[in-house]
Amino acid sequence: VISAARSQQFRWNKGGAENFRKMLVRILKSKNITLKTKLHGIVHLLNSTMFLSVLIVAILSVPMLYIKHQYAFIQGYFVALSFFIITTIIYFMCYWHMYKTVHGKGFKNFIAYIGMFFTFFSIAMGFSIHNTLAVIEGHLGMKSDFIRTPKFNLNASNKNWKENKYISNKISVSTILEGLLMLYFAFGMFSSFLVKEHGVDFGLFPFHLMLFLGFGYVFVQSLKTHN
1 VISAARSQQF RWNKGGAENF RKMLVRILKS KNITLKTKLH GIVHLLNSTM FLSVLIVAIL
61 SVPMLYIKHQ YAFIQGYFVA LSFFIITTII YFMCYWHMYK TVHGKGFKNF IAYIGMFFTF
121 FSIAMGFSIH NTLAVIEGHL GMKSDFIRTP KFNLNASNKN WKENKYISNK ISVSTILEGL
181 LMLYFAFGMF SSFLVKEHGV DFGLFPFHLM LFLGFGYVFV QSLKTHN
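Under this note's numbering, think of the first position of the sequence shown as 1, with each following residue one higher.
And the structure:
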């Protein structure tokens, strides 16, 4: 359930930030590893901080859609920055290589993979506000309760997973923010039809659609947990 995923993601991502704080100086001062290994280690320890970057880019993408068409002299910058979409293509191809190794090639498997790939990334981005809060706590050294991932073991027909003591019955701040961000990115999609004087701009529409679906899924599933 979503509550179990939340508690697990919170621990993992906060723990990643805490490990970065703990190990950074030790890595930099180490005389037994190369500069290349040090850089690789630092980037690896910052992997959970990726969610903070994702959230910032996502939130800024809507006003940037308007700025892009308000100031014609910066249009070239946006064209140049579109080059970085290649990173998504690299991810897509790497995961496809692993997927076809397990499930095999073929058109049907490729179509199934496309759906799975974009579903995964949408939901991952939907967790970005929740995981960002965890990362910030980790970097700031803030203490919080260790909430275990629920183990349900529903062997009896009269048992209900919602009775598990590790399931939170309160609507968290992150859940409220996820609902607001769902609406925000719905506005982002609508903006694609408004920003251009003559015509539309669908450049960020797929990104905003994935964010809308991701935040919407996490938000709705979280509300279901509390019902």
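Each residue gets a CB set at the ideal place from its N, CA and C atoms; glycine is no exception.
Quick check on His226: does DSSP put it in helix, strand or coil?
Locating residue 226 in the sequence shown gives position 226, counting from the first residue. His226: helix per DSSP, three-state reduction.
Does the beta-carbon of Leu180 have 16 or more other beta-carbons within 10 angstroms, so that it is buried, or is it exposed?
As a position in the sequence shown, residue 180 is number 180, starting the count at 1. That one is exposed.
Mind listing, in chain order, the continuous beta strand (DSSP E) runs of no fewer than 3 residues lying wholly within the stretch 84-128?
none
Compute the Euclidean distance between the alpha carbons of Asp145 and Ile111, then round it to the nearest angstrom.
To locate residue 145, count along the sequence shown from 1; it is residue 145. To locate residue 111, count along the sequence shown from 1; it is residue 111. Going by the C-alpha atoms only, they are around 42 Å apart.
Mapping the DSSP letters down to three states, classify Ser53 as helix, strand or coil.
If you number the sequence shown from 1, residue 53 lands on position 53. Note: Ser53 maps to helix in three-state DSSP.
When you compare each of Ala72, Lys14, Leu213 and Leu45 to Val25 by their alpha carbons, which one comes out closest?
Position 25 of the sequence shown, counting from 1, holds the residue named residue 25. If we check each option's Cα against that of Val25, Leu45 comes out closest.
Quick check on this structure: which residue in Ile129, Val135, Thr225 and Gly203 has the alpha carbon closest to the alpha carbon of Lys170?
Mapped onto the sequence shown, residue 170 falls at position 170. Out of Ile129, Val135, Thr225 and Gly203, Thr225 has the C-alpha closest to the C-alpha of Lys170.
Which same chain residues end up closer than 6 Å to Ile27 when comparing Cβ atoms and leaving out the 5 residues on each side of it in sequence?
Counting from one through the sequence shown, the residue named residue 27 turns up at place 27. Taken in chain order, the residues that qualify are Lys38 and Gly41.
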